[in-house]
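Have a look at the structure below before the remarks.
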Amino acid sequence: MRAAVFHAVGDIRIEPREVPEPGKGEVLVRVAACGICGTDRHILHGEFDVVPPIIIGHEYSGEITAVGPDVTDFRVGERVAMDPNMPCGVCRPCQRGQVHLCDNLTALGVNYDGGFAEYSVVPTAQCYKLPEHVSLLEGSLAEPLACCLRGIQQAHIQPGDRVAVIGGGAIGQILAQLARLTGAGKLVLSDLIEERRSMAEQLGYVDETVDPHTSDALLGWADVVLEAVGSVTTTQQALQWAAPGATIVWFGVTPPGDMAAIEPNLVFRKELTIRGARINPFTHTRAIAMLDSGRLNLEPLITKRISLDELPGFLAAAPGKDTKTVVIPA
Ligand SMILES: [Zn+2]
Ligand SMILES: [Zn+2]
Numbered sequence: 007m008r009a010a011v012f013h014a015v016g017d018i019r020i021e022p023r024e025v026p027e028p029g030k031g032e033v034l035v036r037v038a039a040c041g042i043c044g045t046d047r048h049i050l051h052g053e054f055d056v057v058p059p060i061i062i063g064h065e066y067s068g069e070i071t072a073v074g075p076d077v078t079d080f081r082v083g084e085r086v087a088m089d090p091n092m093p094c095g096v097c098r099p100c101q102r103g104q105v106h107l108c109d110n111l112t113a114l115g116v117n118y119d120g121g122f123a124e125y126s127v128v129p130t131a132q133c134y135k136l137p138e139h140v141s142l143l144e145g146s147l148a149e150p151l152a153c154c155l156r157g158i159q160q161a162h163i164q165p166g167d168r169v170a171v172i173g174g175g176a177i178g179q180i181l182a183q184l185a186r187l188t189g190a191g192k193l194v195l196s197d198l199i200e201e202r203r204s205m206a207e208q209l210g211y212v213d214e215t216v217d218p219h220t221s222d223a224l225l226g227w228a229d230v231v232l233e234a235v236g237s238v239t240t241t242q243q244a245l246q247w248a249a250p251g252a253t254i255v256w257f258g259v260t261p262p263g264d265m266a267a268i269e270p271n272l273v274f275r276k277e278l279t280i281r282g283a284r285i286n287p288f289t290h291t292r293a294i295a296m297l298d299s300g301r302l303n304l305e306p307l308i309t310k311r312i313s314l315d316e317l318p319g320f321l322a323a324a325p326g327k328d329t330k331t332v333v334i335p336a
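Mind the numbering: the sequence shown is residues 7 to 336 in our numbering, read in order.
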């Protein structure tokens with residue numbers, strides 16, 4: 007089979023590999039689609055701890071083509087989406103039920119070979135069966151969707167709330183759809199890129215979109231702000247857009263070490279709640295249920311499909327305007 011292997015900073019190669027064999031408690035999956043995420047770029051640029059050589063890619067779905075010894079819950083031919091994150095189960099956060107804060111967290115596509123390959127061996131504990139009418143392409147969005155469900159959990163949206171989503175990439179668009187279903191009374195999405203604003207408008211789940219450069223109409227407006235960019239500017243903007251009593255979720259991953267100037271008095275004056283949201287603690291089952299419900303519209307978020315051969319060049323280039331790019335390995 008062919009696979010995208012990370013060797014060193016700036017060095018990802020497409021290479022031939024033996025098709026791996028599933029061991030005890032594992033299945034072999036023929037990868038149908040694997041989404042590209044900011045983490046993959048961070049790995050390429052040496053901003054994420056991984057031990058090479060490793061097949062990267064962690065947002066994937068596929069069909070089971072073989073099962074290991076003693077596997078009884080899964081069968082050849084079943085379609086699955088992966089939860090890549092594997093907590094250790096023994097550290098203090100894990101034992102307190104906060105598996106997403108695990109001290110020894112590992113993941114497929116980061117510590118173990120992942121989905122930018124024709125085949126992948128996956129422990130059955132990481133596999134979630136896809137309902138019949140959910141496409142494998144949608145299945146590749148189960149992981150980002152599961153992370154967004156954590157973001158929504160942290161946002162505590164009440165029916166009728168004014169909700170602002172900062173950022174119209176795939177994550178911002180998914181958060182906006184979930185915020186709508188959670189009961190947002192008025193929902194505004196902000197992005198610098200016109201294509202992303204019009205995508206949200208055309209898909210019809212936002213009331214309005216704004217260009218943050220030309221609009222300050224949202225100052226003090228939102229009961230809930232979901233920040234989905236991960237920059238110093240937008241985390242500050244989230245505080246500015248917050249209404250008195252608001253909850254802010256800093257969902258976007260700001261680069262480690264970046265510092266933001268904030269006015270602590272603002273947090274006092276408006277009695278703000280600021281929360282983080284990290285990966286997908288026990289949200290994968292609900293992600294599959296949401297795909298099954300048919301109430302999300304996720305496929306249009308996949309604006310580009312590329313082959314394995316195109317992946318190294320794509321990761322090395324600056325991020326473009328596409329909301330979500332997926333690799334179709336075969
Ligand atoms: Zn990711
Ligand atoms: Zn742990």
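Every residue, glycine too, gets a C-beta built ideally from N, C-alpha and C.
In chain order, A38, A39, S67, G68, E69, R85 and L136 place their CB closer than 8 Å to the CB of L142, counting only its own chain and leaving out the 5 sequence neighbours on each side.
DSSP places P270 in the helix class (H, G or I) of the three-state scheme. Taking 8 Å as the cut-off, the C-beta of V116 does not count as close to any heavy atom of ligand 2. Taking F80 as reference, the option from P99, G121, G31 and P90 with the minimal CA-CA separation is G31. Looking only at T220, V105 and S126, the smallest Cα-Cα distance to M88 is reached by S126. Residue state for C40 is assigned as strand, using DSSP reduced to three classes. Spanning the alpha carbons of C100 and N110 requires a straight line of approximately 9 Å.
In terms of Cβ geometry, A252 and V238 do not form a close pair [threshold 9 Å].
Annotated three-state conformation of D17 is strand, per DSSP.
At a cut-off of 3 residues, the continuous stretches assigned as beta strand (DSSP E) that sit fully inside the stretch 148-218 are 168-172, 192-196 and 214-216. Excluding five sequence positions before and after L181, the CB atoms of its chain that fall closer than 8 Å to its own CB belong to C154, G157, I158, V171, L232, A234 and F257, given in chain order. Around the beta carbon of E27, fewer than 16 other beta carbons lie within 10 angstroms, which makes this residue exposed.
With contacts defined as CB atoms closer than 9 Å, A283 and Q164 fail to qualify as a contacting pair.
Here M265 is exposed, its C-beta having fewer than 16 other C-beta atoms within 10 Å. By the Cβ neighbour-count rule, H290 is buried, with 16 or more other Cβ atoms within 10 Å of its own. In this structure, DSSP gives P318 a helical state, which the three-state scheme calls helix. When rounded, the separation of the alpha-carbon atoms in I49 and D55 is 7 Å. Classified as buried, N286 has 16 or more neighbouring CB atoms from the shown chains inside 10 Å of its CB. Assignment of beta strand (DSSP E) within the stretch 72-96, counting only whole runs of 3 or more residues, yields 85-88 in chain order. In this structure, the CA atom of V140 is about 9 Å from the CA atom of I294.
Leaving aside the five residues that flank L225 on each side, the residues in its chain whose CB is nearer than 7 Å to its CB run, in chain order, Q246 and W247. Shortest Cα-Cα distance from V259 to any of T240, A10, L272 and I268 involves T240. For G258, the Cβ stays outside the 8 Å cut-off from all heavy atoms of ligand 1.
One Cα belongs to I18, the other to G74, and the distance between them is close to 29 Å.
W247: member of the alpha helix (DSSP H) spanning V238 to W247, first to last residue. The residue among H13, R202 and E24 with its C-alpha nearest the C-alpha of I177 is R202.
Within its own chain, the residues whose Cβ lies closer than 6 Å to the Cβ of L304, once the five positions on either side in sequence are excluded, are E144 and L147, listed in chain order.
In this structure, DSSP gives I49 a helical state, which the three-state scheme calls helix.
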